[in-house]
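**Student:** Just so we're aligned: 21 in the numbering used here is position 4 of the sequence shown, and the numbers increase by one with no gaps anywhere. Idealized CB from N, CA, C, for every residue including glycine. Everything numeric in this text was worked out from a predicted model, so none of it was measured.
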Amino acid sequence: MMAMRWDNLAAPPDEGVPDQAAPATPPLPLALPDAVARTFDTPGFAGMTFYEVQAKSIINKVPGASRVPFEWTINPYRGCSHACVYCLSGETPILMADGRTKPISELEIGDRIYGTQRRGAYRRYVVTTVLARWSTMKPAHRVTLEDGTTLIASGDHRFLSDRGWRHVTGAMNGAGQRPYLTTNNRLIGTGRFATGPKDSADYRRGYLCGMIRGDANLGTYRYSYGVVHRFRLALADEEALGRTKRFLDSAGVETDSFAYTPASATRRAISAIRTSRQRSIEAITALVRWPDDPTDDWRLGFLAGIFDAEGSCSQGVLRISNSNDKILDQTSAALSHFGFTSVVEDPGRANRVRNIRLTGGLRERLRFFHLTDPAITRKRSIDGAALKCQAALRVVSIEPLGLELPLWDITTGTGDFIADGVVSHNCFARNTHTYLDLDTGADFDRKIIVKVNAGELVRRELAAPRWRGAPVAMGTNVDCYQRAEGRYQLMPQIIAALRDFANPFSILTKGTLILRDLPLLRQAAEVTRVGVSYSVGFVDERLWRAVEPGTPSPTRRLDAVRALADAGFDVGVLMAPILPGLSDDDASIDATVAAIAAAGAASVTPLALHLRPGAREWYARWLGREFPHLVPRYRELYRSGAYAPQSYQRELTARVRIAARRHGLHRGERDDDRRPPDPAPAPPAAEQLTLL
18 MMAMRWDNLA APPDEGVPDQ AAPATPPLPL ALPDAVARTF DTPGFAGMTF YEVQAKSIIN
78 KVPGASRVPF EWTINPYRGC SHACVYCLSG ETPILMADGR TKPISELEIG DRIYGTQRRG
138 AYRRYVVTTV LARWSTMKPA HRVTLEDGTT LIASGDHRFL SDRGWRHVTG AMNGAGQRPY
198 LTTNNRLIGT GRFATGPKDS ADYRRGYLCG MIRGDANLGT YRYSYGVVHR FRLALADEEA
258 LGRTKRFLDS AGVETDSFAY TPASATRRAI SAIRTSRQRS IEAITALVRW PDDPTDDWRL
318 GFLAGIFDAE GSCSQGVLRI SNSNDKILDQ TSAALSHFGF TSVVEDPGRA NRVRNIRLTG
378 GLRERLRFFH LTDPAITRKR SIDGAALKCQ AALRVVSIEP LGLELPLWDI TTGTGDFIAD
438 GVVSHNCFAR NTHTYLDLDT GADFDRKIIV KVNAGELVRR ELAAPRWRGA PVAMGTNVDC
498 YQRAEGRYQL MPQIIAALRD FANPFSILTK GTLILRDLPL LRQAAEVTRV GVSYSVGFVD
558 ERLWRAVEPG TPSPTRRLDA VRALADAGFD VGVLMAPILP GLSDDDASID ATVAAIAAAG
618 AASVTPLALH LRPGAREWYA RWLGREFPHL VPRYRELYRS GAYAPQSYQR ELTARVRIAA
678 RRHGLHRGER DDDRRPPDPA PAPPAAEQLT LL
């Protein structure tokens, strides 16, 4: 059964609310160290956990406000998370924009990581940003790949395979039908990430040997006027220069930093470190001496140092260049020791500079970077590289672990990220869900964050000198009159503060609990603009029970519209979502518009159903089970993406407008002289109707 998210829904005014809290549950495994977690002994809150937090701010600026008709919002609740794509164990390494890796549990909002994006005929690696992160407890599965990669993920997580996006688990038919992984699939990516080097004394000595032998000036020189001891390393890349200085410091060698050459129109500024102390020169000479029996740590450090000094990586080719036979021999031997293949290129230059070129493509370049960890990040970029299925990423097995584990997910700008060398789909729910989102049903995760100090914060922020009294929208992300409001009663405090500061505001809801605050709303409307909008997509009771069983019925919502209209408010109604083949026929539109008009609404705005990836697949299964004859029509309507064609949307809008005129529901023809407050703005369809 398809269901609306309960956290977007308000309880009726007379619905019972819990009086006593059950024992507190463990705190949310997220960045909420001071939260109080509660569950309540009442049927309406069964399975729900509420995380009470002391928020730091409450009036928030809307990202991309130019695309929506409001700039500021108040959200006293953070809605439930969607468990449909909670993905990976906290230790799973994620590919960062600097070419290194970080466990997914340690990512922070704003971190720069790699995702993918289709450019022309190829999907390519691109840098993107972490927009949200969180964790949940879910049944875990182990996915083992041919190259030995082991991924711990929920059954609902999706990976990119040679046959498109595939869930970890699924079924060929029935309620669990969806594309899923089998041992016939190969995942797409670079292959598992190599473990980075240890910061050992041998690694540091190896790095200094590669860097100083490759690019520094080191020696003792005898002149007529005496003996000169000199060490100087000049680099444009501060990362490598800083690492060299730290490693020398750790060996007891002090160096002085200075500006070597300033920046010009064609060159970057160059900085340098130096020392002229005899004891320091002798110590550095000893540090960079070739070892008789190099350890693995020394080899890794040497490869990192010689790459920072003499390496390049451009247009998909990694090279290390030098004219010294010993350096080239040590480089080739170290690469071979770790299983890399390389070729020596001799361009025939007079200075005898030759290149060692690493072979094996992106997979081997990334392995080199992760295994050796060079300091210079600009050389580690893979931005723009095409995805290729070169690694041994065939699925070997998918096993349920038989227990629930803390699993993590993130939202990124590209919609995906690179988890231990494979392309992983991320969750959009935390960043894009709005008050009209339809829930994916089986993947509903019942966790609500409650900003218990919301009223106090609103009053404080409205009093701040920098606040200029801009209109504030509520209910644009999750419904501020969700069922939890019956217990926490945050909205009366918020409305009272807005009233006392005569600050204009609007409320968007589909619940009836708003009627509890009608006296406060009327008081506020006497001193400022107050807008109210409701959502009523259709009036068919059977359809409502099938697709929105957790919401107040259309009849009760229209009763609330009537009560608000009778109180003097111009109530705008969003006729949304209109479901193709289910509520878009002329009879359904006419009946719904007639009921909206009879309830005293001031306007009606139609919005067609919007299907985001993830919810799209679930809705398709529900539709195929309940209304199989409509599947071909939906396949045609949504073949190009999440939105129905513009032609369909224009036709739908025209038919609703005709019905609105027929029932007298359009501005300019009202026969009363009320001056109600402005209705709440309706965000554009493109921002509203998502099933995630």
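According to the Cβ coordinates, are Ile290 and Phe275 closer than 9 Å?
**Tutor:** The count along the sequence shown starts at 1 and reaches residue 290 at position 273. The count along the sequence shown starts at 1 and reaches residue 275 at position 258. Yes. Within cutoff.
**Student:** Which residue comes first and which comes last in the beta strand (DSSP E) that contains Trp307?
**Tutor:** Within the sequence shown, residue 307 is the residue found at index 290, counting from 1. Premise fails: Trp307 is in no beta strand (DSSP E) and is neither H nor E.
**Student:** Tell me the residue span of the alpha helix (DSSP H) that contains Met113.
**Tutor:** For the purposes of this step, residue 113 is taken as the residue at position 96 of the sequence shown. Taken as a continuous stretch (DSSP letters only), Met113 belongs to no alpha helix (DSSP H), as it is neither H nor E.
**Student:** Do the stretch 221-234 and the stretch 189-205 touch if we need at least three Cβ pairs shorter than 8 Å?
**Tutor:** They do not touch, by the three-pair rule.
**Student:** Between the C-alpha atoms of Gly328 and Thr272, what's the straight-line distance to the nearest angstrom?
**Tutor:** Along the sequence shown, one-based indexing puts residue 328 at 311. Along the sequence shown, one-based indexing puts residue 272 at 255. If you take the alpha carbons of Gly328 and Thr272, they lie about 24 Å apart.
**Student:** Just to confirm my understanding: we take Ala513, look at its own chain, exclude 5 residues before and 5 after, and list those with CB closer than 7 Å. What are they?
**Tutor:** The residue given as residue 513 occupies position 496 in the sequence shown. Result list for Ala513: Leu537, in chain order.
**Student:** Please determine if the stretch 110-125 and the stretch 431-438 are in contact, where contact requires at least 3 C-beta pairs separated by less than 8 Å.
**Tutor:** Yes: the two stretches touch, three or more of their Cβ pairs being nearer than 8 Å.
**Student:** According to DSSP, is Cys226 helix, strand or coil?
**Tutor:** Within the sequence shown, numbered from 1, the residue matching residue 226 stands at position 209. Helix at Cys226.
**Student:** So for Gln134, helix, strand or coil by DSSP?
**Tutor:** Here the question's residue 134 lines up with position 117 in the sequence shown. Residue state, collapsed to three classes: strand.
**Student:** Three or more C-beta pairs closer than 8 Å, one from the stretch 202-214 and one from the stretch 356-373: is that the case here?
**Tutor:** Segments in contact, no.
**Student:** Does the Cβ-Cβ distance between Arg209 and Thr145 come in under 9 Å?
**Tutor:** Residue mapping note: residue 209 aligns to position 192 of the sequence shown, counting from 1. Residue mapping note: residue 145 aligns to position 128 of the sequence shown, counting from 1. Taking 9 Å as the Cβ cut-off, Arg209 and Thr145 do not qualify as a contacting pair.
**Student:** How about Ala593 and Ala619: are their beta carbons less than 9 Å apart?
**Tutor:** Walking along the sequence shown from the start, residue 593 turns up at place 576. Walking along the sequence shown from the start, residue 619 turns up at place 602. The answer is no: Cβ separation not under 9 Å.
**Student:** Indicate whether Asp390 and Pro214 have their beta-carbon atoms separated by less than 9 Å.
**Tutor:** As a position in the sequence shown, residue 390 is number 373, starting the count at 1. As a position in the sequence shown, residue 214 is number 197, starting the count at 1. In contact: Asp390 and Pro214 (Cβ atoms closer than 9 Å).
**Student:** Can you check DSSP and say which residues form a bridge with Asp363?
**Tutor:** Here residue 363 corresponds to residue number 346 of the sequence shown, with the count starting at 1. Beta-bridge pairing links Asp363 to no other residue.
**Student:** Would DSSP call Tyr197 helix, strand or coil?
**Tutor:** On the sequence shown, position 180 is the one that residue 197 refers to. Residue state, collapsed to three classes: strand.
**Student:** So, does the stretch 281-288 touch the stretch 240-258, judging by three or more C-beta pairs under 8 Å?
**Tutor:** Judged by Cβ distances under 8 Å, the stretch 281-288 makes contact with the stretch 240-258, as three or more pairs qualify.
**Student:** Do Leu669 and Asp607 count as a contact pair if the criterion is CB distance below 9 Å?
**Tutor:** If you number the sequence shown from 1, residue 607 lands on position 590. If you number the sequence shown from 1, residue 669 lands on position 652. Not closer than 9 Å, so no.
**Student:** Can you tell me whether His646 is buried or exposed? The criterion is at least 16 other CB atoms within 10 Å of its CB, across all chains shown.
**Tutor:** What you label residue 646 is simply residue 629 of the sequence shown in a count that begins at 1. That one is exposed.
**Student:** Pull up the distance between the alpha-carbon of Leu379 and that of Ser398, whole angstroms please.
**Tutor:** What you label residue 379 is simply residue 362 of the sequence shown in a count that begins at 1. What you label residue 398 is simply residue 381 of the sequence shown in a count that begins at 1. Computed Cα separation, rounded: 11 Å.
**Student:** Which residues in the same chain have their Cβ closer than 8 Å to the Cβ of Lys262, if we skip the five residues on either side of it in sequence?
**Tutor:** Taking the first residue of the sequence shown as position 1, residue 262 is located at position 245. Excluding sequence neighbours, Lys262 sits near Thr272, Ser274 and Ile290.
**Student:** How long is the line joining the alpha carbons of Trp484 and Gly548, rounded to whole angstroms?
**Tutor:** What you label residue 484 is simply residue 467 of the sequence shown in a count that begins at 1. What you label residue 548 is simply residue 531 of the sequence shown in a count that begins at 1. Cα to Cα, Trp484 sits roughly 20 Å from Gly548.
**Student:** Residues bridged to Glu53 by DSSP?
**Tutor:** Walking along the sequence shown from the start, residue 53 turns up at place 36. Correcting the residue type first, residue 53 is Val in the shown sequence and not Glu. Val53 is bridged to Glu69.
**Student:** Quick check: the Cα distance between Ile465 and Gly681, rounded to an integer number of angstroms?
**Tutor:** Here residue 465 corresponds to residue number 448 of the sequence shown, with the count starting at 1. Here residue 681 corresponds to residue number 664 of the sequence shown, with the count starting at 1. Cα-Cα distance, rounded: 41 Å.
**Student:** From the DSSP output, in three-state form, read off Ser349 for me.
**Tutor:** As a working note, residue 349 is residue 332 in the sequence shown. Looking at Ser349 - three-state DSSP - the assignment turns out to be helix.
**Student:** Which runs of the alpha helix (DSSP H) fall wholly inside the stretch 596-634 and span at least 4 residues, in chain order?
**Tutor:** The stretch 596-634 contains these whole alpha helix (DSSP H) runs: 603-615.
**Student:** So, with DSSP's three-state summary, where would you put Leu507?
**Tutor:** On the sequence shown, position 490 is the one that residue 507 refers to. Correct three-state label for Leu507: coil.
**Student:** Report the residue from Gly598, Ser552, Pro571 and Thr572 whose alpha carbon sits nearest the alpha carbon of Gly589.
**Tutor:** The sequence position of residue 589 within the sequence shown is 572, counting from 1. Considering only alpha carbons, the answer is Ser552.
**Student:** From this set, Leu168, Leu148 and Asp164, which residue's C-alpha is nearest Ala157's C-alpha?
**Tutor:** The residue you call residue 157 lines up with position 140 of the sequence shown. Of Leu168, Leu148 and Asp164, the residue nearest in Cα terms is Leu168.
**Student:** Buried or exposed, going by whether 16 or more other CB atoms sit within 10 Å of the CB of Ala671?
**Tutor:** Taking the first residue of the sequence shown as 1, we reach residue 671 at position 654. Answer is exposed; the Cβ neighbour count stays below 16.
**Student:** Report buried or exposed for Asp309, applying the criterion of at least 16 other Cβ atoms within 10 angstroms of its Cβ.
**Tutor:** For this step, residue 309 is matched to residue 292 along the sequence shown. By the 10 Å Cβ count, Asp309 comes out exposed.
**Student:** If I measure Cβ to Cβ from Pro196 and keep anything under 8 Å in the same chain, skipping five residues before and after, which residues do I get?
**Tutor:** Residue 196 sits at position 179 when you count from the first residue of the sequence shown. Excluding positions up to five away in sequence, the list reads Arg180, Gly181, Trp182, Arg183, His184, Gly187 and Glu634.
**Student:** Go through its chain and collect everything with a Cβ distance to Ala715's Cβ below 7 Å, but skip five positions before and after it.
**Tutor:** The requested residue 715 is not part of the displayed model; the chain covers only 18 to 709.
**Student:** So, helix, strand or coil for Leu124, using DSSP?
**Tutor:** If you number the sequence shown from 1, residue 124 lands on position 107. Here Leu124 sits in coil by DSSP.
**Student:** Note down, in chain order, each residue of its chain lying with its Cβ closer than 7 Å to the Cβ of Asp534, except the 5 sequence neighbours on either side.
**Tutor:** Mapped onto the sequence shown, residue 534 falls at position 517. Excluding residues within five positions, the ones whose Cβ falls inside 7 Å are Met508, Pro509 and Ile512.
**Student:** Which partner residues of Tyr730 appear in the DSSP bridge assignment?
**Tutor:** Coverage of the chain is limited to positions 18 through 709, which leaves residue 730 absent and any answer about it impossible.
**Student:** Which of the three DSSP states, helix, strand or coil, is assigned to Lys396?
**Tutor:** Numbered from its first residue, the sequence shown carries residue 396 at position 379. It is helical.
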